[in-house]
Structures are given as structure tokens and as C-alpha cells.
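A quick write-up on the structure given underneath.
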Amino acid sequence: MTNVMPIATSPELQLLSVASEMYPFVKTGGLGDVVGSLPTALRGYGIQTRTLLPGYRSVMAALENRRLVLHMPDVLGRAVDLWEGHARGHTLLAIDVPELYDRPGNPYLAPDGRDWPDNGIRYAVLARVGASLAQGCWEEWRPDVVQTHDWQTGLLPAYLRYDGIAAPPVAHVIHNLAFQGLFPRDLLHAFGLPDHAMQMDGVEYHGQIGFMKSALQMAARLTAVSPTYAEEIQTPAEGMGLDGLLRSRSDVLSGILNGIDLKEWNPAADPSVIFPYAVGDVVGRRANKRVFQAEFGLPQNPDALLLGMVSRLTTQKGADLLAEIAPRLFEHPIQMAIVGVGDAAIMRAFATLQSRYPRNLVCHLRYSETLGHRLHSAVDASLVPSRFEPCGLTQFHALRYGSIPIAARVGGLSDTIVDANSAATAEGVANGILFSPTNADTLFGAIRRAQGLFRQKAIWARLQRNGALHDVSWEGKAAYYARLFLEMAGRDPRSADADDDIAPRRGDVSLRPKRGMRIVTAARMPQGTTRARASMHIGPPPRTGTHA
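Heads up, our numbering is the position in the sequence shown plus 1, with the first residue counted as 1.
Below, the structure written as C-alpha cells:
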């Protein structure tokens, strides 16, 4: 991979990252992981990040040496105390409004599993405070660029537009387009927006207020979390009703593949791993399989293909397909471990299967960060049978820990995994197994193909070593964000990269696609999709909830 040098030619760029979750303080999925790991990677490119978060209990408890930097008596009818502090090497800004954020459990869901009924105002306040910081309400510090994440921060660009106050540009990250944050139009004034915002080129989306749609319409730049996902969301099949809008803004849409924190994901130093081993040590990891089988009551059979899945157990993630084919799988020497929580019906299905096949299946039907690490150190293959997958981090974890990913050929999975077909296997470049389309039969076939390769120990070991060599870090990928932010701030983007092959593109996009990133334009869309048609059409809203 191209070496990328730290920026040394200009003062550090100040970035405000605004998000609803950040690992290790609060996390429900990949959004939290990315928000937690990207700031560290950006430091090497001269970018200093302050992350604005809701003042959840876990966030407030994590702040060290905190100080009150602002008291805002009326933010959408709520009094806000804004605290700055440090935690785990990060600089955080926390919005302290106990009535909105001091709640137990999942940040988006009430104990009954439904969205908190006031989620609209909870995340409108987050966006409103972020917009005020961008406008300079805190005299001590003002960002050069703002980065927003997913629907929860989607109103921030709208506040900047309708306030009419000078502010730095906003880059919005699309982590998962399926969750859009749709709320009744009669909340417009409660959200502090003017009447004329309720228009097609504003926040209006099929008669509702669309948080995600707002960001897609008004942010200066849009980034998706993988190059393929950036292409997919511009199609009717995967655009969740917003494909027309995204095609009309394709000149500011890019795909940048995620990375992971290699210190956090290191099998040689991971406290979750029972028998630590070096990355790429395919022999040293075998003891973890034996002890995992023994601990969870599975026969200690080294020749049984041990599969693992760490995921939200939802239809998006294809968990229902895995439950459907489990009885067929267990006719063969296959074992499986499931870690995760999700749809009640899918969880019941796995619980029933575990009682029927106790020698083949073990389920941990709740969230466990520890098992999320440990599983990849023990299983032979990790399952990612997603119907759509913006980026996916599970396959990164699997590759890093020597577990072969078996994944659907969608989104970031197809950007990461080289399928072990005959040609790639012969050339020694494969690192996993891809299948398409995503259905029960193709998933079953992929697992059976994996079982055949598993019996060929030399080939399997080569797949594992290839996976360990695959660059899953932020190195290089963070440079694309750095170059984007520098360009948005009016600085020379070439200072973020040691290469001299960065040339301006036509129009207002000057980021040349390189490994891990593609600029996605309308020209890449299927034949017959025109810019004029794209700009005129916004499809129906998806049948999805608002949470991440």
C-alpha cells in the first residue's frame, strides 16, 4: 500500500465530528466503531478531532478532567450544559441534558424494544448544538470542517442553511441508508426549522421530516462507507427511496472503505483471546478452537467446520437465512456459534435450534464485546450473509484473526474479500468466500464450498495467511478523509499524501480514486439512468425504523 505522510506544511485542521455513538463509550454497531477509531487515524495527517456526543450516562461517566465550556439556556426548549473532557485518548464534547439522554440501555430503543418516542427532539438537539458550534458559539474553538454521521445528525446542515450564518462546510457519512429518521411534519417548529424548510429541496420527504434526506440534500460532501455501497445506493434496488437524490448529487458523493483499530484488534494482545497468537499464525490459534468447543459444550472435533456469526440478528444481516438452513447444515460435520441480539422471531428460532441440536449449535443471544472478539480467534469461518452491507467490519475482524469470511457479494464485503474460486485459489490470492444472490440456497452452497476447502488443509491455511496480510487498518484510508477535509477547508489536499499523482478532477471534486476509495458519479450508474431523471425523482420511503 502507498505510504502516506503526516501533514507538516500547514496548521492542524480542526474537525468537529458529530455522532450519536462512539466506541467504547456507547455502541450498537459499526457506526460506533468508526466514530471511535477514525479520529486516532486522522491525527497522523494533522487533523485534530473533537467529537460531539449526547450526554448518555456512559459518556458522562467516561469524561476525565471535564470542564463546563458553555451553558445554553434554550436549545429547542431545553437547557444544555456543554462539557469538554478527555476519555481514552479522545477529546469529547458532551451535551448534558438528563431528560433526553440519561437513560439506561440502548441509546435509541426503550426497554420494550421500540424507538424512544422523543427520538426526534433528542437528535435534533444534538444537530442543533453541533450547528451552533460550527457557527462559532464557543469563542475558544471553532472547527474548519464538520463531519456528521447517519440520520441522527442529519438536521445539522439544515440548521446551517436556514440560519444563514457563516459556517464551515459539512461532510455527511452514510453508514446505513436504511435508517432515515422520519418524523411527523407537525414537529417542524419543535425542531426549530422555518416553514419554508418543508419543501422537496429542504427537509420534506413524502410529507414527513427526513433527517437523513436533509443531510443528503444539504451537506457539502457525502461519503459512503465503501466504494461499492456508494454505487449501490444510487440504484432503485438499494437506494431506499433516495437513489434519485443521490444520483443528482453524485458529483459530491464518494465511497471510502472503513478500517479498524489494529491495537484494539490484535490476537497477540487481545485480553478476550484465551491463547494469544501472532497475526497470521494459523497453528497457534488452533488451541482456541478446542477450548471454545469444550467451554460451550460442543464436541472437540478438530475436523468439524466451526462457523461463527457475530451480528445483529436481523433480516438485513441474513440471520433468518442461517436459521432456515441450520438443519441441513447439521447433517454434515458442522458446528456453529451465534453471538448477537436482534429480531425476537429470529432469536426464538435460534433458541429452538439450539435445543434441538445441542452438539452442533451454541447461542449467546445478547450483546457481548468480549465474545465478539473471542469468537473470531476460535472459529474456522465467520458468516456475513447480509442482504445489504454498507461496509461491514465483521469481515475485517475475521481476516485479522485468521477466520475465513463467508459473505454475501454486496457493499463493502465485495470490496474486501477475494473469493476462493478456482482461479484465485490457484494464484494464491483468495482470502474468503463470496456468494450471490443472498438467499438460503446460495448461503448453503457457500458453506458447503467452504467445507470442501477446509478439508484441504494447505489451501485453507493459505486463505488464512492471505487474510492476515490484507490491510484492514485505517492506514491510507484515513488519508482520503484527510484530503477531503483539506480540500473542503480550502487547503491543498496534496499535503495529505506523499504521492505526487493527485491531480484535480473535473468539476469541484479533486480527489482521484485510489485503493480503498472511489468517487462515484452518475456515469457509473446503469445504462438509461440520466442525471435529469435522477434529479426529478425521490422514491417512496423505506419500511424501516429510525434507529441505527
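Cβ atoms here follow ideal geometry from the backbone N, Cα and C, with glycine treated the same way.
Going by the CB atoms, is the gap between residue 392 and residue 176 shorter than 9 angstroms? In the sequence shown, residue 176 corresponds to position 175, counting from 1. In the sequence shown, residue 392 corresponds to position 391, counting from 1. With respect to the 9 angstroms criterion, residue 176 and residue 392 are classified as neighbours on the basis of their beta carbons.
Here's the rule I'm using: 16 or more other beta-carbon atoms within 10 Å means buried, otherwise exposed. How should residue 488 be labelled? For the purposes of this step, residue 488 is identified with residue 487 of the sequence shown, where counting begins at 1. Classification for residue 488: buried.
Can you list, in chain order, the residues of its chain with a C-beta nearer than 6 angstroms to that of residue 56? Leave out the 5 residues immediately preceding and following it. Taking the sequence shown and counting its residues from 1, one reaches residue 56 at position 55. Take residue 56, set aside five residues on each side of it, and the residues of its chain with a beta-carbon closer than 6 angstroms to its own are 95, 96, 97 and 102, in chain order.
On the three-pair Cβ rule with 8 angstroms, is the stretch 310-318 touching the stretch 269-288? Judged by Cβ distances under 8 angstroms, the stretch 310-318 makes no contact with the stretch 269-288, as fewer than three pairs qualify.
Bridge partner(s) assigned by DSSP for residue 293: Indexing the sequence shown from 1 puts residue 293 at position 292. For residue 293, which the question treats as bridged, DSSP gives no partner whatsoever.
Given residue 461, which residues of its chain have a CB within under 6 angstroms of its CB, disregarding the five upstream and five downstream residues? Within the sequence shown, residue 461 is the residue found at index 460, counting from 1. 454 and 455, listed in sequence order.
Around the C-beta of residue 1, are 16 or more other C-beta atoms found within 10 angstroms, so that it is buried, or is it exposed? Only positions 2 to 549 of the chain appear in the structure, and residue 1 is not among them; the question remains open.
What three-state label does DSSP hand residue 36 in the structure shown? Here residue 36 refers to the residue found at position 35 of the sequence shown. DSSP places residue 36 in helix when its eight states are reduced to three.
Cα-Cα, which of 401, 104, 458 and 346 is closest to residue 366? Stepping through the sequence shown from its first residue, residue 366 is reached at position 365. Nearest option by C-alpha distance: 346.
Could you tell me the alpha carbon to alpha carbon distance between residue 89 and residue 321, rounded to whole angstroms? Reading the sequence shown from its first residue, position 88 is the one you call residue 89. Reading the sequence shown from its first residue, position 320 is the one you call residue 321. When rounded, the distance between both Cα atoms is 37 angstroms.
To the nearest angstrom, report how far apart residue 200 and residue 183 are at their CA atoms. As a first step, residue 200 must be located in the sequence shown, where it is residue number 199. As a first step, residue 183 must be located in the sequence shown, where it is residue number 182. Computed Cα separation, rounded: 15 angstroms.
Hey, how far is the Cα of residue 73 from the Cα of residue 83? Translated into positions along the sequence shown, residue 73 becomes position 72. Translated into positions along the sequence shown, residue 83 becomes position 82. C-alpha of residue 73 to C-alpha of residue 83: approximately 8 angstroms in a straight line.
Looking at the structure shown, is residue 184 part of a helix, part of a strand, or coil, going by DSSP? In the sequence shown, counting from the first residue as 1, residue 184 sits at position 183. If DSSP states are grouped into helix, strand and coil, residue 184 belongs with the strands.
Residue 16 versus residue 50: straight-line alpha-carbon distance, rounded: Here residue 16 refers to the residue found at position 15 of the sequence shown. Here residue 50 refers to the residue found at position 49 of the sequence shown. So the alpha carbons of these two residues sit roughly 5 angstroms apart.
Less than 9 angstroms between the C-beta atoms of residue 408 and residue 435, yes or no? For the purposes of this step, residue 408 is taken as residue 407 along the sequence shown, with counting starting at 1. For the purposes of this step, residue 435 is taken as residue 434 along the sequence shown, with counting starting at 1. Yes, they are a contact pair.
To the nearest angstrom, report how far apart residue 255 and residue 304 are at their CA atoms. Taking the sequence shown and counting its residues from 1, the one referred to as residue 255 is at position 254. Taking the sequence shown and counting its residues from 1, the one referred to as residue 304 is at position 303. CA-to-CA, the gap between residue 255 and residue 304 works out to about 44 angstroms.
Would you call residue 208 buried or exposed, if buried means 16 or more other Cβ atoms sit within 10 Å of its Cβ? Position 207 of the sequence shown, counted from the start, is the residue given in the question as residue 208. So residue 208 ends up on the exposed side.
Give me the Cα-Cα distance between residue 278 and residue 264, rounded to the nearest whole angstrom. For the purposes of this step, residue 278 is taken as the residue at position 277 of the sequence shown. For the purposes of this step, residue 264 is taken as the residue at position 263 of the sequence shown. Answer to the nearest angstrom: the Cα atoms are 14 angstroms apart.
Measure the alpha-carbon distance for residue 31 versus residue 211 and round it to whole angstroms. Along the sequence shown, read from residue 1 onward, the residue named residue 31 stands at position 30. Along the sequence shown, read from residue 1 onward, the residue named residue 211 stands at position 210. About 22 angstroms.
Considering Cα atoms alone, identify which of 430, 330, 429 and 425 is closest to residue 441. Here the question's residue 441 lines up with position 440 in the sequence shown. Looking from the CA of residue 441, the closest CA among 430, 330, 429 and 425 belongs to 330.
Rounded Cβ spacing between residue 129 and residue 76 (contact assumed at less than 8 angstroms): Taking the first residue of the sequence shown as position 1, residue 129 is located at position 128. Taking the first residue of the sequence shown as position 1, residue 76 is located at position 75. Sure, about 5 angstroms apart at Cβ, within 8 angstroms.
Verify the contact flag: residue 330, CB atom, against every heavy atom of the ligand HEM, threshold strictly below 8 angstroms. As presented, the structure is devoid of all ligands, the ligand HEM included, so that no description of it is given.
Measure the Cβ-Cβ separation of residue 336 and residue 362 and say whether it is below 9 angstroms. On the sequence shown, position 335 is the one that residue 336 refers to. On the sequence shown, position 361 is the one that residue 362 refers to. For residue 336 and residue 362, yes; Cβs fall inside 9 angstroms.
Helix, strand or coil for residue 250, going by three-state DSSP, please let me know. Here residue 250 refers to the residue found at position 249 of the sequence shown. Correct three-state label for residue 250: coil.
Residue 54 - containing beta strand (DSSP E), residue span: Translated into the one-based positions of the sequence shown, residue 54 becomes position 53. Looking at the DSSP string, the run of the beta strand (DSSP E) that includes residue 54 is 48-55.
Residue 460 - DSSP class collapsed to helix/strand/coil: Residue 460 sits at position 459 when you count from the first residue of the sequence shown. Three-state DSSP puts residue 460 in a helix.
In three-state terms, what does DSSP make of residue 153? Taking the first residue of the sequence shown as position 1, residue 153 is located at position 152. In the structure shown, residue 153 sits in a helix (DSSP, three-state: H, G or I).
Which stretch, first to last residue, makes up the alpha helix (DSSP H) that contains residue 415? Start at 1 with the first residue of the sequence shown, and residue 415 comes out as number 414. For residue 415, the enclosing alpha helix (DSSP H) covers residues 412-417.
Residue 495 (DSSP reduced to helix, strand or coil): Within the sequence shown, numbered from 1, the residue matching residue 495 stands at position 494. In the structure shown, residue 495 sits in a helix (DSSP, three-state: H, G or I).
Tell me whether residue 255 sits in a helix, a strand or coil according to DSSP, three-state version. The residue labelled residue 255 in the question sits at position 254 within the sequence shown. Correct three-state label for residue 255: strand.
Excluding the five sequence neighbours on either side, which residues of its own chain have a C-beta within less than 6 angstroms of the C-beta of residue 67, listed in chain order? Here residue 67 refers to the residue found at position 66 of the sequence shown. Taken in chain order, the residues that qualify are 84 and 86.
Neighbourhood of residue 494 by C-beta distance below 6 angstroms, restricted to the same chain and skipping five residues each side: If you number the sequence shown from 1, residue 494 lands on position 493. Excluding residues within five positions, the ones whose Cβ falls inside 6 angstroms are 484, 487 and 488.
Once you ignore the five residues that flank residue 230 on each side, which residues in its own chain have a CB closer than 7 angstroms to its CB? As a working note, residue 230 is residue 229 in the sequence shown. Answer for residue 230: 256, 391, 392, 412 and 413, listed in chain order.
Inspect the beta-carbon positions of residue 54 and residue 145 and report whether they are closer than 9 angstroms. For the purposes of this step, residue 54 is identified with residue 53 of the sequence shown, where counting begins at 1. For the purposes of this step, residue 145 is identified with residue 144 of the sequence shown, where counting begins at 1. It is not a contact, given that the beta carbons lie outside the stated cut-off.
With H, G and I counted as helix, E and B as strand and the rest as coil, what does DSSP make of residue 273? Taking the first residue of the sequence shown as 1, we reach residue 273 at position 272. Of the three classes helix, strand and coil, the one that applies to residue 273 here is coil, per DSSP.
Restricting to runs no shorter than 4 residues, where is the alpha helix (DSSP H) found entirely within the stretch 102-163? Fully enclosed alpha helix (DSSP H) runs of 4 or longer: 120-135.
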